[in-house]
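Trainee: Quick one: the structure is below, questions incoming.
2 protein chains.
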Amino acid sequence: MTPPAKSLSVAFGATAPRTLGAPAPVISISELKIHCATCSVRELCLPVGLNSEEVAQIDVLVGARVRLRKGDALYRVGDPSAALYAVRLGSLKTTVLAEDGREQVAGYHMLGDIIGLDGIGSGHHGCQAQALEDTEVCVLPFERLEDLARDLPPLQHNLHQFLSREITRDHNIMLLLGSMRAEERLAVFLLNLSDRYRKRGYSSTEFVLRMTREEIGSYVGLKLETVSRLFSRFQEEGLIQVQGRAVKLLDLTALKRIIGQRG
Amino acid sequence: MTPPAKSLSVAFGATAPRTLGAPAPVISISELKIHCATCSVRELCLPVGLNSEEVAQIDVLVGARVRLRKGDALYRVGDPSAALYAVRLGSLKTTVLAEDGREQVAGYHMLGDIIGLDGIGSGHHGCQAQALEDTEVCVLPFERLEDLARDLPPLQHNLHQFLSREITRDHNIMLLLGSMRAEERLAVFLLNLSDRYRKRGYSSTEFVLRMTREEIGSYVGLKLETVSRLFSRFQEEGLIQVQGRAVKLLDLTALKRIIGQRG
DNA sequence: GGAGGCCTTTGATCTCCCTCAACGCGGCGT
DNA sequence: ACGCCGCGTTGAGGGAGATCAAAGGCCTCC
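Protein sequences appear in the order of chains A and B. Heads up: the first sequence runs through residues 739 to 1001, numbered per this note's numbering. Heads up: the second sequence runs through residues 739 to 1001, numbered per this note's numbering.
So, in structure tokens, the structure goes:
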């Protein structure tokens, strides 16, 4: 079991310890003059495809930005949910909790990703979001987002796309968890990361993992030892090169070939 | 592997064989004078909480209703996606396909459920929906639904709720697939069905499964033999009574106790 | 009503991954 | 600088569930 997450602390703000169920503190850091129009990930994020006038309206809506340090929780299970969050910098994991405390990583989120989509339905978060490194997110108050979406059809459509894509993504993880062998799971995991880094303009073959072996294992339904062993084996076979969290994918074709092999 | 699904056939209409990728035929059966206002599941479905005037507007939007016979596919992977579907009668399964043909059941859907939510993002379906028995669904053309949602905030909110709840549901399945033992999985499956039947006014302790052991197994990440063995064991232990697909839950408390037990 | 096919059950064996264990590394705080 | 703790690696052994196999039941379709 992982130790309880450190309390959320906000840039320039005092660090206040958080208890489970307390709403996430939201501190405006408008001094930084961050705007969607100049944001490096606007083409991946909610404003994708919108014209500058429309983007400006989203900008007004983004009331605050929150900074998290490694380990900080953006929200926890049961927290009231009133906003979506766009990842501006860094990365997070979302985890679902079983009644007995078991933790399942439900997703890893990086630049431009929108998180908090699961909280809209019930009004409170069904999972926990925690920073894997120093991270910054934009807060999108959901009610105001709904209001704006009624005026801006392209925004409405983007919102639906993000929700829908999250469902598709989850279905693919279910396929992975339900019917893939260990080596397939890890290959899918690596290729998925590779693809997402590529889309963001980073190297698709060389990156640093932001999560532990245990967290990877939780995500793909394996134990940490199995993940470690597989990394070693992939390396022996010349598929990848691993040194701790630094990973280099040496043979993408071979990795892709692993997926869908039965025996 | 399961044989290819039989072709979709529509009430009163000629049966046309369908090939993969062909759009789902949609035939208006307005002769039946079915309306949301008088629909038995309107309190579970998209119109939940709306006033009669608003419901009437949704009614206009529902252009067609489709009947499916057991085994018929409502849509398949890759089909263009232009609508959501509300289950009016019967039940369906949705399945995700791996590249090598492996099939993973992603969900079972009954009265009042909305399906097709995964297709909005990409414009084509990422999974296949197939009737488990004679089934009828309402077709909700998505563009018109988006238009109407802009005029009716409550509808907009309901739509978001359905999308969000699907995400929460998927997260819970990921938790199940990623970290639960076989007996836990089956207990969760049975209790989940029980709950959904109860919400729909049916018995929560006595029902007939609409799917095979293999389909159950696919959903919860087990082989059909394991599912069968567990049913037998649950019966021996007095938790349930099974006879083929007829199931009676005898001890809900004990079933719930199984969940979250480590050893 | 009979035949065939699909579904289900149950047994025997196997295997992949988990569990337990030990050790080494590296970063962080004192 | 040292010690500590979290993280990662590797080995040995075990077990939960998969796989292989066979037989019986039930439903559907001639």
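Beta carbons: idealized from backbone N, C-alpha and C, even for Gly. Here the structure is a predicted model, which is why all the values come from computation and not from measurement.
Restricting to Cα atoms, I'd like to know which of B/Ala794, B/Arg967, B/Ala821, B/His773 is closest to B/Phe880.
Mentor: In the second sequence, residue 880 of chain B corresponds to position 142, counting from 1. Among B/Ala794, B/Arg967, B/Ala821, B/His773, the Cα nearest to that of B/Phe880 belongs to B/Ala821.
Trainee: Could you compute how far the alpha carbon of A/Arg888 sits from the alpha carbon of A/Lys831?
Mentor: As a working mapping, residue 888 of chain A is identified with position 150 in the first sequence. As a working mapping, residue 831 of chain A is identified with position 93 in the first sequence. Approximately 31 Å, taken between the alpha carbons.
Trainee: Could you check whether the Cβ of B/Pro785 sits closer than 8 Å to any Cβ belonging to chain A?
Mentor: Mapped onto the second sequence, residue 785 of chain B falls at position 47. No, B/Pro785 does not count as interfacial toward chain A.
Trainee: Distance, Cα to Cα, A/Leu799 vs B/Gly816?
Mentor: If you number the first sequence from 1, residue 799 of chain A lands on position 61. If you number the second sequence from 1, residue 816 of chain B lands on position 78. Computed Cα separation, rounded: 36 Å.
Trainee: Taking CB distances under 8 Å as the criterion, tell me whether B/Gly759 reaches chain A.
Mentor: Within the second sequence, numbered from 1, the residue matching residue 759 of chain B stands at position 21. Note on B/Gly759: pLDDT 37, under 50, position unreliable in the model; the coordinate value appears next. So no, B/Gly759 is outside the interface.
Trainee: I'd like to know if A/Asp908 contacts chain B, where contact means its C-beta is closer than 8 Å to some C-beta of that chain.
Mentor: On the first sequence, residue 908 of chain A is found 170 positions in, with the first residue counted as 1. Taking Cβ atoms only, chain B reaches closer than 8 Å to A/Asp908, which makes this a yes.
Trainee: Looking only at its chain, what residues have a beta carbon closer than 7 Å to the beta carbon of A/Ser970, apart from the 5 residues adjacent to it on each side?
Mentor: One-based indexing of the first sequence puts residue 970 of chain A at position 232. The answer is none, since no qualifying residue turns up.
Trainee: Using a beta-carbon distance cut-off of less than 8 Å, what residues from the region 863-880 of chain B approach chain A?
Mentor: Under the 8 Å Cβ criterion, the region 863-880 of chain B contributes Gly864, Cys865.
Trainee: Can you find at least 3 beta carbon pairs, one from the region 941-950 of chain A and one from the region 928-948 of chain B, that sit closer than 8 Å?
Mentor: No: the two stretches stay apart, fewer than three of their Cβ pairs being nearer than 8 Å.
Trainee: With burial defined as no fewer than 16 other Cβ atoms inside 10 Å of the residue's Cβ, what is the status of A/Gln932: buried or exposed?
Mentor: Residue 932 of chain A sits at position 194 when you count from the first residue of the first sequence. Before going further, note that residue 932 of chain A is Ser rather than Gln in the sequence given. Buried, because 16 or more other Cβ atoms sit within 10 Å of the Cβ of A/Ser932.
Trainee: Taking the beta carbon of A/Arg934 as the centre, do at least 16 other beta carbons fall within 10 Å, making it buried, or is it exposed?
Mentor: Position 196 of the first sequence, counting from 1, holds the residue named residue 934 of chain A. Buried, because 16 or more other Cβ atoms sit within 10 Å of the Cβ of A/Arg934.
Trainee: Roughly how many whole angstroms lie between the Cα atoms of B/Arg936 and B/Met848?
Mentor: For the purposes of this step, residue 936 of chain B is taken as the residue at position 198 of the second sequence. For the purposes of this step, residue 848 of chain B is taken as the residue at position 110 of the second sequence. Rounded to whole angstroms, B/Arg936 to B/Met848 spans 12 Å at the Cα level.
Trainee: Can you have a look at A/Gly759 and say buried or exposed, based on whether 16 or more other CB atoms are within 10 angstroms of its CB?
Mentor: Reading the first sequence from its first residue, position 21 is the one you call residue 759 of chain A. For A/Gly759, the predicted model reports a pLDDT of 37, less than 50, meaning its position is unreliable and no value from the coordinates is stated.
Trainee: From B/Phe972 to A/Gly864, what distance separates their C-alpha atoms?
Mentor: Here residue 972 of chain B corresponds to residue number 234 of the second sequence, with the count starting at 1. Here residue 864 of chain A corresponds to residue number 126 of the first sequence, with the count starting at 1. Near 30 Å, if we compare the C-alpha coordinates of A/Gly864 and B/Phe972.
Trainee: Using a Cβ-Cβ distance cut-off of 8 Å, determine whether A/Glu1002 contacts chain B.
Mentor: Look at the range of chain A in this structure, 739 to 1001, and you will see that residue 1002 of chain A is not part of it.
Trainee: Which of helix, strand or coil does DSSP assign to A/Thr906?
Mentor: By 1-based counting over the first sequence, the position of residue 906 of chain A is 168. A/Thr906: helix per DSSP, three-state reduction.
Trainee: In this structure, does DSSP put A/Thr832 in helix, strand or coil?
Mentor: Start at 1 with the first residue of the first sequence, and residue 832 of chain A comes out as number 94. Strand.
Trainee: For B/Gln894, which residues in the same chain have their Cβ closer than 6 Å to its Cβ, ignoring the five residues on either side in sequence?
Mentor: Locating residue 894 of chain B in the second sequence gives position 156, where the first residue counts as 1. Cβ neighbours of B/Gln894 beyond the five flanking positions: Ala887.
Trainee: Could you name the residues of chain B that A/Pro891 contacts, counting a contact when the two beta carbons are closer than 9 Å?
Mentor: By 1-based counting over the first sequence, the position of residue 891 of chain A is 153. Going along chain B in sequence order, the residues near A/Pro891 (Cβ under 9 Å) are Glu884, Asp885, Arg888.
Trainee: Which partner residues does A/Ile853 have in the DSSP bridge list?
Mentor: To locate residue 853 of chain A, count along the first sequence from 1; it is residue 115. Answer is A/Tyr823, bridged to A/Ile853.
Trainee: Between the Cα of A/Asp885 and the Cα atoms of B/Thr873, B/His898, B/Ser956, B/Arg882, which residue gives the shortest distance?
Mentor: As a first step, residue 885 of chain A must be located in the first sequence, where it is residue number 147. The shortest C-alpha separation from A/Asp885 is found at B/His898.
Trainee: Just to confirm my understanding: we take B/Arg923, look at its own chain, exclude 5 residues before and 5 after, and list those with CB closer than 7 Å. What are they?
Mentor: Against the second sequence, residue 923 of chain B aligns to sequence position 185. Leu914, Val958, Gly959, Leu960.
Trainee: Of the residues that make up the region 825-838 of chain B, which ones have a beta carbon closer than 7 Å to any beta carbon in chain A?
Mentor: Residues passing the 7 Å Cβ filter: Val834, Ala836, Glu837, Asp838.
Trainee: Can you name the start and end residues of the alpha helix (DSSP H) that A/Ile858 belongs to?
Mentor: Here residue 858 of chain A corresponds to residue number 120 of the first sequence, with the count starting at 1. It is not in any alpha helix (DSSP H) - A/Ile858 carries neither H nor E in the DSSP assignment.
Trainee: Considering only residues of the same chain and omitting the five flanking positions on each side of B/Val793, which have a CB-CB separation below 6 Å?
Mentor: Here residue 793 of chain B refers to the residue found at position 55 when the second sequence is read from its first residue. So the list reads Cys774, Ala775, Pro785, once near-sequence residues are dropped.
Trainee: Looking at the strands, I want to know which residues DSSP matches up with A/Lys986.
Mentor: Position 248 of the first sequence holds residue 986 of chain A. BP columns for A/Lys986 point to A/Glu944, A/Gln979.
Trainee: How about B/Gly751: is its C-beta nearer than 8 Å to some C-beta of chain A?
Mentor: Sequence index remark: in the second sequence, residue 751 of chain B carries index 13 (1-based). Annotation note: pLDDT 31 at B/Gly751 (below 50); position unreliable, coordinate value reported separately. B/Gly751 does not count as touching chain A.
Trainee: Just checking: is the beta-carbon of A/Ala762 within a distance shorter than 8 Å of some beta-carbon in chain B?
Mentor: As a position in the first sequence, residue 762 of chain A is number 24, starting the count at 1. Because A/Ala762 sits at a pLDDT of 49, beneath the cut-off of 50, its placement in the model cannot be relied upon, and the point is left open.
Trainee: With 8 Å as the threshold, decide whether the Cβ of B/Glu953 is near any Cβ in chain A.
Mentor: Working through the second sequence from its first residue, we reach residue 953 of chain B at position 215. Output row for B/Glu953: interface = no.
Trainee: Which runs of the alpha helix (DSSP H), 4 residues or longer, sit entirely within the region 790-819 of chain A?
Mentor: If we require 4 residues or more, the alpha helix (DSSP H) runs fully inside the region 790-819 of chain A come out as 790-799.
Trainee: For A/Ile858 versus A/Ser819, is the C-beta spacing smaller than 8 Å?
Mentor: Position 120 of the first sequence, counted from the first residue, corresponds to residue 858 of chain A. Position 81 of the first sequence, counted from the first residue, corresponds to residue 819 of chain A. Cβ distance < 8 Å, so A/Ile858 and A/Ser819 count as in contact.
Trainee: Closer than 8 Å, CB to CB, is B/Gly976 near chain A or not?
Mentor: Taking the second sequence and counting its residues from 1, one reaches residue 976 of chain B at position 238. Answer no: the Cβ-Cβ gap between B/Gly976 and chain A never drops below 8 Å.
Trainee: My output table needs one value for A/Pro785: the three-state DSSP class, helix, strand or coil.
Mentor: The residue given as residue 785 of chain A occupies position 47 in the first sequence. Coil, per DSSP.
Trainee: What's the call for B/Ala984, buried or exposed, on a 16-neighbour Cβ count within 10 Å?
Mentor: Locating residue 984 of chain B in the second sequence gives position 246, where the first residue counts as 1. Counting Cβ neighbours within 10 Å, B/Ala984 comes out exposed, since fewer than 16 surround it.
Trainee: Any Cβ of chain A within less than 8 Å of the Cβ of B/Ile996?
Mentor: Along the second sequence, read from residue 1 onward, the residue named residue 996 of chain B stands at position 258. Answer no: the Cβ-Cβ gap between B/Ile996 and chain A never drops below 8 Å.
Trainee: Thinking C-beta only, is A/Arg807 closer than 8 Å to A/Asp872?
Mentor: The count along the first sequence starts at 1 and reaches residue 872 of chain A at position 134. The count along the first sequence starts at 1 and reaches residue 807 of chain A at position 69. Yes, the pair counts as a contact, with Cβ atoms nearer than the cut-off.
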